[in-house]
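Chemist:
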Amino acid sequence: MAEPELKKSKVSMLEVKSRSNTRSMAALGPKSMSRLKVRRQSYGFGGVPGIRPVERTSNLAIEFKRPPLLFLPTYQLNPNYPFHVPTVQNAADALLDEHFTDHKYNAQESPALALRLAGELMRNLKSLQFNRYRIITVVTIGQKRAQSYNNAISFLWDHERDNYIDRQREVNSAFIQVTVFGIYLD
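So that you can map any letter, position 169 of the sequence shown is 169 in UniProt numbering, and since no number is skipped, the others follow by simple counting.
1) Report the rounded CA-to-CA distance for glutamine 143 versus leucine 77, giving the unit in angstroms.
2) Rounded to the nearest angstrom, how far is the Cβ of valine 85 from that of valine 139, given a contact under 8 Å?
3) Identify whether valine 171 lies in helix, strand or coil by the three-state DSSP scheme.
4) For the alpha helix (DSSP H) containing threonine 137, name the first residue and the last one.
5) So asparagine 99 is in the alpha helix (DSSP H); what residue range does that whole segment cover?
6) Helix, strand or coil, according to DSSP, for asparagine 124 in the structure here?
7) Quick check: the segment 166-186 against the segment 99-115, are there 3 or more CB pairs under 8 Å?
8) Do isoleucine 165 and valine 88 have their beta-carbon atoms positioned less than 8 Å apart in this structure?
9) Using the rule of at least 16 other Cβ atoms within 10 Å of the residue's Cβ for burial, across every protein chain shown, is asparagine 163 buried or exposed?
10) Among residues of its own chain, excluding the 5 on either side of lysine 126, which ones have a beta-carbon nearer than 7 Å to its beta-carbon?
11) Can you tell me whether leucine 96 is buried or exposed, with buried defined as 16 or more other CB within 10 angstroms of its CB?
12) Given a cut-off of 8 Å, decide if tyrosine 81 and phenylalanine 130 are closer than it, judged by their beta-carbon atoms.
13) Please report the distance separating the alpha-carbon of proline 111 from that of isoleucine 176.
14) DSSP has serine 182 in a bridge; who is on the other side?
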């Protein structure tokens with residue numbers, strides 16, 4: 001008895017399904033149109049100022065027209081505060097007077113002094129706020145032993161904006177050369 005109830009024909013199964021579908025559609029009535037209502041897609045550009053919809057030229061989607069972009073020159077060709085050579089010379093001279101007047105050359109201490117002077121001079125010059133300048137400090141300490149010393153540095157140079165200072169001092173056993181470059185960044 002249980003077997004005939006479980007075995008149903010395919011036709012009767014389809015009939016049951018179609019009846020249930022017709023009942024559910026009939027029960028919804030006119031409210032089912034809200035599900036089928038097609039919304040115009042805005043793609044999120046509707047709230048952006050300056051972007052407005054164009055008259056309908058396509059049946060597929062709404063089109064948006066962007067305003068023409070105007071690029072004003074925002075780059076800066078000249079520095080706000082140019083590299084002022086006398087100010088930098090005074091800062092370098094003050095540092096040399098403070099640290100190098102009583103110096104005696106020592107192979108272990110002199111390189112550390114050169115590094116410390118370069119860092120301190122860099123901090124002093126950055127506090128002067130030569131913005132848009134790359135500050136490069138080169139400090140060389142050498143022992144005096146009746147030898148010659150040549151120093152050459154080469155750059156691609158902008159003669160209108162770039163500048164440098166060079167200060168030298170000598171004591172009995174050593175000499176020092178401080179060179180500071182102010183290279184303008186475009």
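From the three backbone atoms N, C-alpha and C, an ideal C-beta is built for every residue, glycine too.
Treat the numbers as computed from the prediction; the structure is a model and nothing was measured.
Modeler: Based on what the coordinates show:
1) 43 Å
2) That pair is no contact at about 18 Å.
3) coil
4) Taken as a continuous stretch (DSSP letters only), threonine 137 belongs to no alpha helix (DSSP H), being part of the beta strand (DSSP E) at 133-143.
5) According to the sequence provided, residue 99 is histidine. The question's asparagine does not apply to it. Counting along the chain, the alpha helix (DSSP H) containing histidine 99 begins and ends at 85-99.
6) helix
7) yes
8) yes
9) buried
10) Ile135
11) buried
12) yes
13) 11 Å
14) This sequence places glycine at residue 182; serine is not what is there. Ile135 and Asn163, per the DSSP bridge assignment.
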